[in-house]
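Going by numbering that gives the first Met the number 0, 107 is the number at position 108 of the sequence shown; the sequence numbering is gapless.
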Amino acid sequence: MAEWTREQVEERLIEAADVMKRLPEVRVQGYFSLWPAIRESFADRVGAEPKRLKRPTPTREAIDRMDEALPWLQWLEAEDAKLVWARVQGTPWKAICWRFGISRVTACRRYAYGLSVIAWRLSGRRVPAKRSRRFVIDASRRLSSAK
0 MAEWTREQVE
10 ERLIEAADVM
20 KRLPEVRVQG
30 YFSLWPAIRE
40 SFADRVGAEP
50 KRLKRPTPTR
60 EAIDRMDEAL
70 PWLQWLEAED
80 AKLVWARVQG
90 TPWKAICWRF
100 GISRVTACRR
110 YAYGLSVIAW
120 RLSGRRVPAK
130 RSRRFVIDAS
140 RRLSSAK
């Protein structure tokens, strides 16, 4: 069984959030327009903003890795899972602190704990219930630095 580190878990969750952003949007099937397409002349386009480029759709392998990574959040408490997901989506710490009503240090500690719990579970270990969050974070840090 492979040993997982917090950094590997974080990379996989960041990739999953990125894949979620790049998936095509869900649309209602069956609706279409019978109006003819409007032709734009050069005068219509003068001063217009250029169209935003879309990122390519994710590969099948990336979607499979996303499907594998999303259930990991179920191993966390609801608030911690929401915090971890918000952070891997790229939400700034200040917005996370406002949303959850906690300090920056507490948010960082919960984020590190969430990643540590996932890394422990993926490595085949049980998370000790009677130990502190600090113990889990420090132990996962020691395990990842021992490599």
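Virtual Cβ for every residue (Gly too), placed ideally from N, Cα, C.
Hey, how far is the Cα of R124 from the Cα of F134? 14 Å
For V116 and P70, I'd like the C-alpha separation in whole angstroms. 13 Å
Assigned secondary structure, A1 (DSSP; H/G/I helix, E/B strand, else coil): coil
Under 8 Å between the Cβ atoms of A61 and G113? no
Could you give the first and the last residue of the continuous alpha helix (DSSP H) run that contains S115? 103–121
Rounding to the nearest angstrom, what Cα-Cα distance links Y110 and I136 in this structure? 10 Å
Closest to M65 by CA distance: which of W34, F99, P91, V8 is it? V8
Which stretch, first to last residue, makes up the alpha helix (DSSP H) that contains I62? 59–68
Measure the alpha-carbon distance for R54 versus A47 and round it to whole angstroms. 21 Å
Are the stretch 82–97 and the stretch 13–25 touching, with three or more C-beta to C-beta distances below 8 Å? yes
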